[in-house]
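Asker: With the first letter of the sequence shown counted as 1, position 74 gets the number 154 in the working numbering; the numbers rise by one all the way through. Glycine included, C-beta positions come from ideal geometry on N, C-alpha and C. Before we start, here is the structure in question, set down as structure tokens.
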Amino acid sequence: MDEKVTHAKEVIADALKRYPKIGVACSFGKDSMVTVHIAREVDPNIKVFSVMTRFKPPETYDYLRKMNRKMNLRATVYIVANSVPEGLKDDALEVVLLPSAEFDKKASQVEAETGQAIYKRDPDECCRLLKVDPTKVAVANLDAWVTGLRNTEGRTREDYQEVENKGGLIKINPILTFTEAEIWKYIATKGIEPHPWYSKGYRSLGCAPCSRPGGVLERDGRWQDTSKCGGECGIHTQTLRA
Ligand code: SF4
Numbered sequence: 081m082d083e084k085v086t087h088a089k090e091v092i093a094d095a096l097k098r099y100p101k102i103g104v105a106c107s108f109g110k111d112s113m114v115t116v117h118i119a120r121e122v123d124p125n126i127k128v129f130s131v132m133t134r135f136k137p138p139e140t141y142d143y144l145r146k147m148n149r150k151m152n153l154r155a156t157v158y159i160v161a162n163s164v165p166e167g168l169k170d171d172a173l174e175v176v177l178l179p180s181a182e183f184d185k186k187a188s189q190v191e192a193e194t195g196q197a198i199y200k201r202d203p204d205e206c207c208r209l210l211k212v213d214p215t216k217v218a219v220a221n222l223d224a225w226v227t228g229l230r231n232t233e234g235r236t237r238e239d240y241q242e243v244e245n246k247g248g249l250i251k252i253n254p255i256l257t258f259t260e261a262e263i264w265k266y267i268a269t270k271g272i273e274p275h276p277w278y279s280k281g282y283r284s285l286g287c288a289p290c291s292r293p294g295g296v297l298e299r300d301g302r303w304q305d306t307s308k309c310g311g312e313c314g315i316h317t318q319t320l321r322a
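Below is the structure:
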């Protein structure tokens with residue numbers, strides 16, 4: 081694992097030289113925490129940003145606030161909402177509110193027509209409006225972003241590369257080859273407090289209605305019983321440049 085950590089640091093250091101406008105995306109899941117920790121060992125001032133949604137569990141907001149202070153991340157949080165949710169109110173956080181009208185209209189429409197919540201009936205549209213479009217805003221002024229994506233997380237993540245160029249936006253995946261066991265080893269070694277849901281058997285954390293514990297592969301618990309079971313929200317599959 082030490083060699084992989086050293087390599088990840090080299091990848092980030094090289095990216096910092098090439099792309100001055102760079103930020104680390106942090107969902108506050110285990111892989112993000114490792115990525116952020118490694119990135120900040122390379123540059124303690126590297127920008128950290130997070131895209132949150134109204135459907136994240138309260139534990140994620142609590143954990144985000146706690147770790148933002150504990151690790152002095154000075155994170156910027158993007159969220160589609162008309163006001164800052166209680167769980168994200170903290171002087172140490174910068175919260176950027178994004179317009180909510182389109183999501184509210186679409187969610188009401190889907191519910192009126194089908195009797196089902198948008199995340200059940202049309203999770204792709206829900207993710208587009210709450211995650212993909214906000215991520216586009218978050219990276220709009222960046223040349224490159226750093227993610228915690230890993231090849232062994234699920235069937236949809238086997239073919240990614242360490243450095244990708246999508247529409248001119250560079251994506252750096254420095255922990256791409258880390259295994260789940262190596263992630264937990266790094267977390268234990270560095271004394272990073274993990275999100276409390278991992279102790280309940282979750283292996284991959286997303287929004288509350290779309291995450292379940294267990295699974296053969298880590299992402300198997302995501303979007304179960306929907307059209308995108310074990311799949312992707314879209315931030316890693318779609319072009320984020322408008
Ligand atoms: S993960 Fe689920 S609730 Fe969250 S944005 Fe996607 S579909 Fe909506």
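Helix, strand or coil, according to DSSP, for ASN148 in the structure here?
Answerer: It is helical.
Asker: Give the DSSP-derived three-state secondary structure of PHE129 in the structure shown.
Answerer: PHE129 falls in the strand class under three-state DSSP.
Asker: Measuring from the CB of LYS89, is there a heavy atom of the ligand SF4 at a distance below 7 Å?
Answerer: Outside the cutoff, so no.
Asker: I'd like to confirm something about PHE129: is its beta-carbon nearer than 7 Å to some heavy atom of the ligand SF4, or not?
Answerer: Because no heavy atom of the ligand SF4 lies under 7 Å away, the Cβ of PHE129 does not count as near it: no.
Asker: Between PHE108 and HIS316, is the Cβ-Cβ spacing less than 8 Å?
Answerer: Their beta carbons are not under 8 Å apart, which means PHE108 does not touch HIS316 by this criterion.
Asker: For GLU298, report the span of its beta strand (DSSP E) as first-last.
Answerer: Element bounds for GLU298: n/a, residue is neither H nor E.
Asker: Strictly closer than 6 Å from CB to any heavy atom of the ligand SF4: give me those residues in the order they appear in the chain.
Answerer: After applying the 6 Å Cβ criterion, the set is THR133, PHE135, TYR199, PRO203, CYS206, CYS207, LEU210, LYS211, GLY286, CYS287, PRO289, CYS290, CYS313.
Asker: What is the DSSP secondary structure of ALA192, reduced to helix, strand or coil?
Answerer: Helix at ALA192.
Asker: Between the stretch 144 to 163 and the stretch 178 to 185, do three or more beta carbon pairs fall short of 8 Å?
Answerer: Yes, the stretch 144 to 163 is in contact with the stretch 178 to 185.
Asker: To the nearest angstrom, how far is it from the Cα of ARG201 to the Cα of PRO289?
Answerer: ARG201 and PRO289: Cα-Cα distance of roughly 12 Å.
Asker: If contacts are defined as beta-carbon pairs under 8 Å, then LEU209 and LYS186 qualify, I think. What distance do you get, rounded to the angstrom?
Answerer: At roughly 6 Å, the Cβ-Cβ gap stays under 8 Å, so LEU209 and LYS186 are in contact.
Asker: Does the count of Cβ pairs from the stretch 282 to 299 and the stretch 219 to 226 closer than 8 Å reach three?
Answerer: Touching, no.
Asker: For the putative contact between ARG299 and SER284, defined by C-beta atoms under 8 Å, what is the C-beta separation to the nearest angstrom?
Answerer: At roughly 5 Å, the Cβ-Cβ gap stays under 8 Å, so ARG299 and SER284 are in contact.
Asker: Measure how close the beta-carbons of GLU273 and LEU256 come, nearest whole angstrom, since I'm counting them as under 8 Å.
Answerer: Contact doesn't hold; Cβ gap of about 24 Å is too wide.
Asker: Per DSSP, VAL175 forms a beta bridge with which residues?
Answerer: DSSP lists VAL157 as partners of VAL175.
Asker: Could I get the ranges of all uninterrupted alpha helix (DSSP H) runs contained in the stretch 237 to 313, with 4 residues as the minimum, in chain order?
Answerer: Those alpha helix (DSSP H) runs which fall completely within the stretch 237 to 313 and span 4+ residues are 260 to 270.
Asker: What is the DSSP secondary structure of VAL164, counted as helix, strand or coil?
Answerer: Coil, per DSSP.
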